[in-house]
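Written out below as structure tokens is the structure these notes cover.
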Amino acid sequence: MTSSDILVVLPTLGDRLDTLAETLESVDAQRADVRLTLVVVTPAHAIEARELAAAHGAVIVDDPKTGISAAINCGLSARSDEKYYAWIGDDDLFRPGGLGLLFQSLEADDGAVLAYGGCDYIDPSGTTLAVSNAGGLAKLLLPWGPDLIPHPGTMVRLDALEAIGGFDVELKYAMDLDAFLKLRSHGRFIWTRRAVSAFRWHPDSLTVSNRRSSSLESEAVKRRHLPTVLRPLSPLWNHPIRWASAFAAKRVSAKAN
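Heads up: the sequence shown begins at 12 in the working numbering, then just goes up one per residue.
Okay, structure coming up:
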């Protein structure tokens with residue numbers, strides 16, 4: 012296998028073949044700028060998805076069927092000599108040059124453990140509904156506010172990700188938030204406001220269709236990372252943030268319909 016710098020993990024159940032094809036094409040487009048290994052984690056019975064992924068040069072890994080976090084960890088176990096990790100959902104997209112920009116940012120800063128960029132929220136047809144590009148504010152809000160660091164717009168040093176044990180398999184929605192909070196002690200977070208990815212907003216998206224469950228899990232994750240003395244006070248800001256996040260989500264959903 013050709014030497015690679017970036018391990019891109021794409022978990023899929025194989026039931027979104029149309030958007031999966033678009034996602035794979037967006038990954039292929041990144042190869043003009045970076046050397047990457049694409050790992051697709053999918054169930055053994057998802058024959059069409061596996062064939063499609065193989066046609067795009069992906070390494071195929073069987074889904075352990077124990078949740079999204081375990082699936083991503085299985086993808087991480089396919090690492091050979093890659094230095095960085097990036098994630099993409101089976102209905103999300105990398106923007107042209109996105110991985111290259113994040114890669115160059117991390118290569119230029121040895122003290123940085125994570126780089127993130129802006130993320131376009133798109134409807135099922137690909138039309139942009141909103142843009143998340145909070146920049147440095149996202150890092151400041153991470154421990155107590157909304158998580159504005161988009162998982163599909165993030166690149167992480169693999170050695171650091173392995174040092175924290177990968178993703179918590181007990182988490183279904185906030186595994187990326189938990190990992191980001193743990194990674195803070197391993198180095199700086201750097202960012203660009205340029206959109207490097209796109210998140211497809213539709214009713215079937217895990218965090219869209221389960222907004223309340225996602226919010227509650229995120230609050231629990233943030234609470235356990237707070238200093239002990241502050242944990243009983245967390246409802247003071249969690250409830251307003253939950254309301255604001257739900258309001259923003261409704262506005263984006265209204266645009267998508």
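Here a beta-carbon is modelled for each residue, glycine too, at the ideal position from N, C-alpha and C.
Checking the DSSP bridge columns, you'll see tryptophan 98 partnered with Val20. Beta bridge pairing from DSSP links tryptophan 202 with Tyr127.
A direct Cα-Cα distance of roughly 30 angstroms separates arginine 199 from threonine 139. Taking the CA atoms as reference points, alanine 171 sits about 18 angstroms from glycine 164. For threonine 34, the enclosing alpha helix (DSSP H) covers residues 28 to 41.
In the structure shown, threonine 138 falls within a coil segment according to DSSP collapsed to helix, strand and coil. In the DSSP assignment, the residues bridged to phenylalanine 105 are Ser208.
Shortest Cα-Cα distance from arginine 205 to any of Leu110, Leu244 and Leu192 involves Leu110.
Assignment of serine 143 by DSSP, reduced to helix, strand and coil, places it in the strand class. Distance from the CA of histidine 236 to the CA of leucine 104, rounded to the nearest whole angstrom, comes to 31 angstroms.
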